[in-house]
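Taking it in order: structure first as structure tokens, then the write-up.
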Amino acid sequence: MIADEGRADREQESDGWPDIPGDTAFTIKIREADPLVRAGFPAHVTVLYPFMHQNRMNGLVRSELSGLFARHPSFALTFAEFGRYPGVLYLDPQPHDPVKALTADITRRWPEHVPYRGIFGPGLDPHLTLANHEGPATQDAAYDALQAELAPLLPLRCHVDTVELIVWDGERWQSQARYPLGPSVGRQCA
């Protein structure tokens with residue numbers, strides 16, 4: 001067990017994400033996009049990474065989170081376009097505004113939790129990572145090929161009615177809680 005924890009620590013240090021067991025984040029799971037993802041984790045759009053350590057998540061915090069998310073109506077996202085960050089191929093969820101509004105409300109209430117630990121300034125635009133494993137020498141050709149393979153499967157439209165709290169257990173992110181959004185008329189993923 002100690003050896004596994006050391007391996008996980010070394011991997012986190014090497015990729016710039018110093019996650020420790022108990023770290024949390026908020027995501028929107030897009031299960032219908034799972035078959036498209038080559039990044040080694042489930043399809044999702046990050047609302048806020050990281051949030052507070054799970055040991056600080058008491059009943060009052062959970063109650064506040066329930067109320068915060070319930071004030072936001074459920075919404076639809078459409079994934080029709082690809083985008084790239086250095087080393088990353090992603091799908092661009094449209095519109096961005098509902099996801100950004102969720103992030104803004106959480107960070108307004110808990111301003112000490114800065115998106116992506118401030119590594120990217122105010123944060124990245126909402127995105128669904130498809131692949132993030134290619135280096136500078138191979139990423140353009142590899143991501144061009146993957147984009148051509150996946151393009152016929154788009155657009156993907158999804159109705160979002162929950163935000164998921166996930167926790168890092170030292171080896172992987174695990175679901176800890178689901179927070180329903182408020183009511184809205186919409187369609188399920190297709």
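Read in order, the letters of the sequence shown correspond to residues 1 to 190 in my numbering. For each residue, glycine too, the CB sits at the ideal point set by N, CA and C. Since this is a predicted model, take the numbers as computed values, not measurements.
query                                                                                                            : result
Best match in L165, S175 and L154 for proximity to E32 [C-alpha to C-alpha]                                      : L154
Nonlocal neighbours in the same chain, by C-beta distance under 7 Å from L65, ignoring five residues either side : Y179
Close Cβ partners of K29 (< 6 Å) along its chain, the five nearest in sequence each way excluded                 : H44 and E164
For G59, the three-state DSSP class (helix, strand or coil)                                                      : helix
Integer-rounded CB distance, given that V47 should sit under 8 Å from V99                                        : 6 Å
Spatial neighbours of T138 in its chain, beta-carbon cut-off 6 Å, leaving aside the 5 residues before and after  : none
C-beta atoms of L150 and S74 nearer than 7 Å                                                                     : no
For K29, the residue or residues it bridges with in DSSP                                                         : H44
Anticipated Cβ contact below 8 Å, F82 with L68, distance rounded                                                 : That pair is no contact at about 31 Å.
H133 versus Y143, S184, I106 and Q176, residue with shortest Cα-Cα distance                                      : Y143
Nearest candidate by alpha-carbon position, reference H127, set R62, H96 and R56                                 : H96
DSSP bridge partner residues for Y85 (one or two, in chain order)                                                : V88
Through-space distance from G118 to D169, alpha-carbon basis                                                     : 22 Å
Environment of F120 [buried if 16+ CB atoms lie within 10 Å]                                                     : exposed
Inter-residue CB distance, P42 and D34 (contact presumed, cutoff 8 Å)                                            : 6 Å
Delimiting residues of the alpha helix (DSSP H) encompassing R108                                                : D97 to R109
Neighbour-count burial assignment, P86, 16 or more Cβ in a 10 Å radius                                           : exposed
First through last residue of the alpha helix (DSSP H) which encompasses E194                                    : Any property of residue 194 remains undetermined from this structure, which presents the chain solely from 1 to 190.
Distance, D19 Cα to M57 Cα                                                                                       : 17 Å
R117 - DSSP class collapsed to helix/strand/coil                                                                 : helix
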